[in-house]
Amino acid sequence: MNLYGTIGVYAAVLKERGEPLYFPGHDLGVFESTDADLIAKACEWILHEPKAKNQIYNLTNGESSSLQEDWPLVAQALGMQPGGDKPFSFTKDLPSFSEEWDRIRENHGLKAPGLDEFLGQSCQFTHFILAKAETQTSLMSCIKIRRAGFSDTVYTDDMIRKWFKLYQDEKVLPPV
-17 MNLYGTIGVY
-7 AAVLKERGEP
3 LYFPGHDLGV
13 FESTDADLIA
23 KACEWILHEP
33 KAKNQIYNLT
43 NGESSSLQED
53 WPLVAQALGM
63 QPGGDKPFSF
73 TKDLPSFSEE
83 WDRIRENHGL
93 KAPGLDEFLG
103 QSCQFTHFIL
113 AKAETQTSLM
123 SCIKIRRAGF
133 SDTVYTDDMI
143 RKWFKLYQDE
153 KVLPPV
């Protein structure tokens, strides 16, 4: 699932329209991110740590966050101004952005494929994250993996900047 790719498409269309980056959720839904590079490090650690073999672990960046609180950072990483709250359903509304996304891809020479192929079921995942009520947190304990010896963490703000920059550098999203 690609939360930031989905947000990137949403942002690219709004930016092309000359609009700010409206926050599409309704409240402070709290969750934990897991960076793909952190998962790779954990997998490598498991391969070389005998006591980690055949174990099941939860893994997150190491902190909880809220996209609403992180929204100004997301906007900055995409070269936009944050907008106010404006409800948006990624499952119902984003598919209508398909033609605009195709024009953006063409205008910027992007390598990203069409909307359906690029995002797959990421719209459902993004909707799940952004539609959470404030009382519906998505938190898990990572104590088991930490006690077993894996202590790497990722600051979620750094992760957000990293992935949007990579998507832009690789011409998956338009440049800032």
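Using the numbering used here, read the sequence shown as starting at -17 and increasing by one per residue. By construction, the Cβ of each residue, glycine as well, lies at the ideal position given by its N, Cα and C atoms.
Reduced DSSP secondary structure (H/G/I, E/B, other) of residue i
i           : result
residue 154 : coil
residue 13  : strand
residue 132 : coil
residue 4   : strand
residue 69  : coil
Beta-carbon proximity check, residue i vs residue j, cutoff 9 angstroms
i           : j           : result
residue 72  : residue 108 : yes
residue 3   : residue 64  : yes
residue 138 : residue 36  : no
residue 80  : residue 98  : yes
residue 22  : residue 130 : no
residue 135 : residue 1   : no
Span separating the alpha-carbon of residue i from that of residue j
i           : j           : result
residue -1  : residue 59  : 18 angstroms
residue 39  : residue -15 : 22 angstroms
residue 56  : residue 32  : 39 angstroms
residue 95  : residue -9  : 11 angstroms
residue -11 : residue 122 : 24 angstroms
residue 89  : residue 83  : 10 angstroms
residue 156 : residue -6  : 7 angstroms
residue 75  : residue 87  : 19 angstroms
residue 91  : residue 49  : 29 angstroms
residue 133 : residue 143 : 22 angstroms
residue 151 : residue 52  : 22 angstroms
residue 29  : residue 127 : 14 angstroms
residue 14  : residue 85  : 34 angstroms
residue 54  : residue 26  : 34 angstroms
Nearest-angstrom Cβ-Cβ length linking residue i and residue j, presumed shorter than 8 angstroms
i           : j           : result
residue 101 : residue -13 : 6 angstroms
residue -4  : residue 20  : Incorrect: roughly 29 angstroms between the Cβ atoms, too far for contact.
residue 158 : residue 61  : 3 angstroms
message = Give the list of continuous beta strand (DSSP E) stretches no shorter than 3 residues that lie fully inside the segment 71 to 113.
response = The qualifying runs do not exist here; there are none.
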